[in-house]
Each structure stands twice: as structure tokens, then as C-alpha cells.
Amino acid sequence: MSDKPEAKSEEEAPSSGGIGMMGLLVLGLACAATSFASVYFLAPAPTVAEAATVEAEYVPAAKPEKKKKDLAYTEVQEILITVGSAPATRYLKMQLAVATDKDDAKKIKPVETQLIDAFLLYLRSVELNDFEDPAFYKHMREQLGRRADLVLGDGIVESVLITEFLLR
416 MSDKPEAKSE EEAPSSGGIG MMGLLVLGLA CAATSFASVY FLAPAPTVAE AATVEAEYVP
476 AAKPEKKKKD LAYTEVQEIL ITVGSAPATR YLKMQLAVAT DKDDAKKIKP VETQLIDAFL
536 LYLRSVELND FEDPAFYKHM REQLGRRADL VLGDGIVESV LITEFLLR
């Protein structure tokens, strides 16, 4: 009699219950199917690539020749200032020339002191690290030209040229 109860306990052990390997396989297939379906059916439809048409820019047949102005270049006094906030560490030495029409060239010498003052006010506001940027020099020439226009009047100054530049 003692043999039968032991045999019964051995038979009960293998039926542990739960999902089992087959259930995990079905769950994996269901996840894969829903992932594929969501990407395939919910993704936007691909658009057809259209060839881009490029139109040529309008180029006039013949450019009208511009009459070159006779410009006079008048040099102003040399500018020597300290640059930066530390006392007398770096110096800037500049020589400038103002380009005007030949008729307006005589207007520069009487207001040269005012021109130098306007240039100095701008140059003192410039930081030392600005001079290290190569793109700054174009901006500086534009600013000097604006100040020359303020002193002499609009349309008199064609450009301000930097003929000498030394930063020590």
C-alpha cells in the first residue's frame, strides 16, 4: 500500500501549470504581427519624387557701362590709440584715406579734425578680440565710412580705405 501514494506524487509534479513554451511563442508572434501592422498600415504613404525644374537667372544681354568716377584719395592724419581695457597693453596704429569725387576732395581738409574725432570714438569702442576676427575688418570699414558720411554729409564719401594697419 505504501507504493501507490508515492507513485501518485510523482505523477503530479510534471503538471505545474502556467503559460509554457507554446504560450510564449504565440505571444511573441502576436507582438511581431502588431508591430509590423502598425508600421505598414499606419505609416504615411511614400510621396513620388518630382523632378525639380531649375530656371536660369535673368541675365541682361548687355550690361550698361558705368562711367568710372574720377576719385580723389585724401589721407587723414595717422591714428594711434590704445586698445583693450588693460592700461597701455596693445596699440593700434592706422593710416586712412578718404575716397571722394575730385570736386569734393577740398572739403576733407577743413573737417579733418572732426573726421579723426569720429573715427576715434568708434575705434575706442572696439574690443581687442574683435580685431582677431578677419570678418571684422569689412565691418570696421563700413563703420568708418558711416562716420565720414555723418561729418561730411551723405553722398560725398565713396569709401574709407585703410592704407596702414598695425596692432601691437
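Here the sequence shown stands for residues 416 to 583, where the numbers follow this note's numbering.
The C-beta atom is built at its ideal place from N, Cα and C for all residues, glycine as well.
Predicted model only: the values in this text are computed from it and were never measured.
Quiz item: Do A512 and L565 have their C-beta atoms within less than 8 Å of each other?
Solution: Your numbering for residue 512 matches position 97 in the sequence shown. Your numbering for residue 565 matches position 150 in the sequence shown. The answer is no: Cβ separation not under 8 Å.
Quiz item: If I494 sits next to L535, beta carbons under 8 Å apart, how far is it from one beta carbon to the other, in whole angstroms?
Solution: As a working note, residue 494 is residue 79 in the sequence shown. As a working note, residue 535 is residue 120 in the sequence shown. A Cβ-Cβ separation of about 7 Å places I494 in contact with L535 under the 8 Å criterion.
Practice problem: Along the beta strand (DSSP E) that carries A487, what are the first and last residues, could you check? | Solution: Taking the sequence shown and counting its residues from 1, one reaches residue 487 at position 72. Run containing A487: L486 to E490, per the beta strand (DSSP E) assignment.
Exercise. Please confirm whether E557 and Q510 have their CB atoms less than 8 Å apart.
Key: As a position in the sequence shown, residue 557 is number 142, starting the count at 1. As a position in the sequence shown, residue 510 is number 95, starting the count at 1. No.
Practice problem: Under the assumption that L581 contacts V526 (Cβ atoms under 8 Å), give the Cβ distance between them as a whole number of angstroms. | Solution: Against the sequence shown, residue 581 aligns to sequence position 166. Against the sequence shown, residue 526 aligns to sequence position 111. L581 to V526, Cβ: 25 Å. No contact.
Exercise. State the CB to CB distance for the pair D516 and L486, rounded to an integer number of angstroms; the pair is presumed to be in contact (CB under 8 Å).
Key: The count along the sequence shown starts at 1 and reaches residue 516 at position 101. The count along the sequence shown starts at 1 and reaches residue 486 at position 71. Right, their Cβ atoms sit about 7 Å apart.
Exercise. Please list, in chain order, all residues of the same chain as L530 whose beta carbon is under 8 Å from its beta carbon, the five residues on each side excluded.
Key: On the sequence shown, position 115 is the one that residue 530 refers to. Annotation for L530: V491, V513, I523, R562, A563, V566 and L567 place their beta carbon closer than 8 Å to its own, counting only its chain and skipping 5 residues before and after.
Practice problem: Determine the DSSP secondary structure at E493, reduced to helix, strand or coil. | Solution: What you label residue 493 is simply residue 78 of the sequence shown in a count that begins at 1. Three-state DSSP puts E493 in coil, outside helix and strand.
Practice problem: Count the other CB atoms, across all protein chains shown, that sit within 10 Å of the CB of V441; report buried if there are 16 or more and exposed otherwise. | Solution: As a first step, residue 441 must be located in the sequence shown, where it is residue number 26. Exposed, since its Cβ has fewer than 16 Cβ neighbours within 10 Å.
Self-check item: Beta-carbon proximity of F551 to V498, cut-off 8 Å
Solution: Here residue 551 refers to the residue found at position 136 when the sequence shown is read from its first residue. Here residue 498 refers to the residue found at position 83 when the sequence shown is read from its first residue. No. Outside cutoff.
Practice problem: Figure out for me which residue from I496, G435 and P459 has the closest Cα to the Cα of K508. | Solution: Counting from one through the sequence shown, the residue named residue 508 turns up at place 93. With distances taken between Cα atoms, K508 lies closest to I496.
Self-check item: Endpoints, alpha helix (DSSP H) assigned at I577
Solution: For this step, residue 577 is matched to residue 162 along the sequence shown. First-last for I577: V572 to L582, but that is the beta strand (DSSP E), not the alpha helix (DSSP H).
Quiz prompt | Rounded C-alpha distance that separates T462 from Y455 | solution = Reading the sequence shown from its first residue, position 47 is the one you call residue 462. Reading the sequence shown from its first residue, position 40 is the one you call residue 455. So the two alpha carbons sit approximately 15 Å from each other.
Practice problem: Please name the residue, chosen from T449, D518, V541 and C446, that lies closest to S500 on a Cα-to-Cα basis. | Solution: Residue numbering aside, residue 500 sits at position 85 when the sequence shown is read from its first letter. Of the listed residues, the one whose Cα sits closest to S500 is V541.
Quiz item: Going by Cα to Cα distance, which pick from L457, Y506 and A458 is closest to R583?
Solution: Looking up residue 583 in the sequence shown gives position 168. Closest by alpha carbon: Y506.
Quiz item: In the DSSP assignment, what residue or residues form a beta bridge with K508?
Solution: Numbered from its first residue, the sequence shown carries residue 508 at position 93. For K508, which the question treats as bridged, DSSP gives the partners L495 and L581.
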